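Notes follow the structure.
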Amino acid sequence: MSDNQSAHLEKFLANEGISQSERHFGESLMGSLRRFGRLSNRQWSAFQRMEARYSPEVIAQRKQWTDSWNEQKAADMKAAANYYQANPPYF
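The working numbering runs 4 ahead of the 1-based position in the sequence shown.
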């Protein structure tokens, strides 16, 4: 079994903040890792993208975005949503 992959998966699955679907996917990957000894390149790549969403830098960026939300941004979002709702279809 790939120790590097296993360590990353175990650390990720220990995170209480991941979504249920991410936990399910991570557990599925862990099963594949145990069964086959390593993940395929595509599995590993998908996991790394998911794992990256929980890096300290990305978490800080999300917090900064949330903290910067204000009435003007809410009004702009509502105006855009109303426009697209009134002018379908939008692709």
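C-beta: ideal position from N, C-alpha, C; glycine also.
Keep in mind the model is a prediction, meaning the values are calculated, not measured.
Proximity of residue i and residue j at Cβ, strictly below 8 Å
i     : j     : result
Leu37 : Ser6  : yes
Gln9  : Arg42 : yes
Rounded Cβ spacing between residue i and residue j (contact assumed at less than 8 Å)
i     : j     : result
Phe16 : Gly30 : 5 Å
Residue i to residue j span [Cα, whole Å]
i     : j     : result
Gly21 : Asn91 : 38 Å
Arg27 : Asn19 : 9 Å
is_contact[residue i, chain D] using C-beta, thresh 8 Å
i     : result
His28 : Looking at the structure shown, chain D is missing, and only one protein chain is on hand.
Sufficient close CB pairs (3 or more, under 8 Å) joining the stretch 77-92 to the stretch 52-63: no
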